[in-house]
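Heads up, the thing below is written out as structure tokens.
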Amino acid sequence: MILAVLLASTIFVTTLTLHWAIMKRISIDRSRLTAPIFAGICLILLTMHFLEVGLYALGFELGRALELGDFRKPPSADFMDVYFFALATFTTLGLGKVMPTEHLAFIAGVSSFNGFLCISMSASFLFKLTPEVTDQSE
803 MILAVLLAST IFVTTLTLHW AIMKRISIDR SRLTAPIFAG ICLILLTMHF LEVGLYALGF
863 ELGRALELGD FRKPPSADFM DVYFFALATF TTLGLGKVMP TEHLAFIAGV SSFNGFLCIS
923 MSASFLFKLT PEVTDQSE
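Here the sequence shown is numbered in the working numbering, starting from 803 and rising by one per residue.
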């Protein structure tokens, strides 16, 4: 269990720090914001979330290799199955055809919490930009 906590904590801190650093990097003076720049920011955030999910998918695979648990249904879950599970968990959707066993379930719980925080950070970031985009389109 200690190894699962360390693995989950490492991914948690890495994704949140990466998220913060990229958001800081793409911050823009609101007076220079245009619709194409806003669209680009949205694409950067989407890509960032996909990468964060990928870190969790790799973490689940590492957990499997370290025998912290596995996935049920299908018994031969490939990386795409694990990535989809990580995406469903990160977005707190929580559905899919695979289920983690043993200590991988702990990592899944941390992934949901982490995803909620990262998605909330992105939403807050975009909401702060929205009035300027709306004003420019009028």
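Idealized CB from N, CA, C, for every residue including glycine. Everything numeric in this text was worked out from a predicted model, so none of it was measured.
C-beta contact flag for residue i and residue j at 8 Å
{"i": "A907", "j": "T891", "result": "no"}
{"i": "G871", "j": "H905", "result": "yes"}
{"i": "L931", "j": "R827", "result": "no"}
{"i": "V855", "j": "D883", "result": "no"}
{"i": "H821", "j": "M923", "result": "yes"}
{"i": "F881", "j": "G898", "result": "no"}
{"i": "I830", "j": "I839", "result": "yes"}
{"i": "L889", "j": "L805", "result": "no"}
Cβ-based neighbour list, residue i, same chain, cut-off 6 Å, excluding 5 preceding and 5 following
{"i": "R866", "result": "D872"}
DSSP state of residue i mapped onto helix, strand, coil
{"i": "L901", "result": "In the sequence as presented, Leu is not what sits at residue 901; that position holds Met. Reduced to three states, the DSSP call for M901 is strand."}
{"i": "V935", "result": "Only weak support exists for where V935 lies, its pLDDT of 49 falling under 50; the value from the coordinates is given anyway. In the structure shown, V935 sits in a helix (DSSP, three-state: H, G or I)."}
Same chain, Cβ closer than 8 Å to residue i, neighbours up to 5 away in sequence not counted
{"i": "V815", "result": "none"}
{"i": "E863", "result": "F881 and V884"}
Integer Cβ distance of residue i from residue j, believed to fall under 8 Å
{"i": "L857", "j": "T894", "result": "Incorrect: roughly 17 Å between the Cβ atoms, too far for contact."}
{"i": "R874", "j": "T849", "result": "Actually they do not touch by this definition, with Cβ atoms about 31 Å apart."}
{"i": "A825", "j": "F918", "result": "Checking the displayed sequence, the identity of residue 825 turns out to be Met instead of Ala. With 8 Å as the limit, M825 and F918 do not qualify as a contact, their Cβ atoms being about 16 Å apart."}
Beta-carbon proximity list for residue i, same chain, < 7 Å, skipping 5 on both sides
{"i": "A810", "result": "F908, I909 and V912"}
{"i": "I813", "result": "L857, Y858 and G861"}
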